[in-house]
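Following numbering that gives the first Met the number 0, the numbering of the sequence shown begins with 0 at its first residue and continues without gaps.
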Amino acid sequence: METRQLEITVDGEPTRTIPAEFIAVPFGRGAPIGRAGDGTLYAGFSTEGPGLESALLKSVDGGKTWEEKRLDWWEFFD
């Protein structure tokens, strides 16, 4: 984990800077991340491996650890 300064902007203009902890995210490209009402984080990633595959990830500890479920899109082809 690494602590850096995160710049907060409004309409593209910097308003302030706050300290933030950055945690390495799992493999892949693209990282849409959402937080559920109970605080659980969910993220979706496209894999770089063979075939058309993605992964759905879940974290219940603020992103420190992740549970992974691989999704093979050919299963949903129809």
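C-beta atoms are modelled at their ideal positions from N, C-alpha and C, and glycine is treated no differently.
Using C-beta distances below 8 angstroms, list every residue in its chain close to residue i, excluding the 5 sequence neighbours before and after it, in chain order.
{"i": "Ala19", "result": "Thr2, Arg3, Gln4 and Leu5"}
Name the two residues that bound the continuous beta strand (DSSP E) containing residue i.
{"i": "Ala42", "result": "Leu40 to Ser45"}
Which of the three DSSP states is assigned to residue i in this structure?
{"i": "Leu11", "result": "Checking the displayed sequence, the identity of residue 11 turns out to be Gly instead of Leu. Gly11 falls in the coil class under three-state DSSP."}
{"i": "Pro64", "result": "Position check: residue 64 holds Thr in this sequence, whereas Pro was assumed. The answer is coil: DSSP assigns Thr64 none of H, G, I, E or B."}
{"i": "Gly36", "result": "coil"}
{"i": "Pro31", "result": "coil"}
Going along the chain, which residues of its own chain have a beta-carbon closer than 6 angstroms to the beta-carbon of residue i, five neighbours each way excluded?
{"i": "Lys68", "result": "Leu55"}
{"i": "Thr14", "result": "Ile7"}
Give the DSSP bridge partners of residue i, in chain order.
{"i": "Ala54", "result": "Phe44 and Arg69"}
Whole-angstrom Cβ separation of residue i and residue j, contact assumed at under 8 angstroms?
{"i": "Ser53", "j": "Leu40", "result": "That pair is no contact at about 17 angstroms."}
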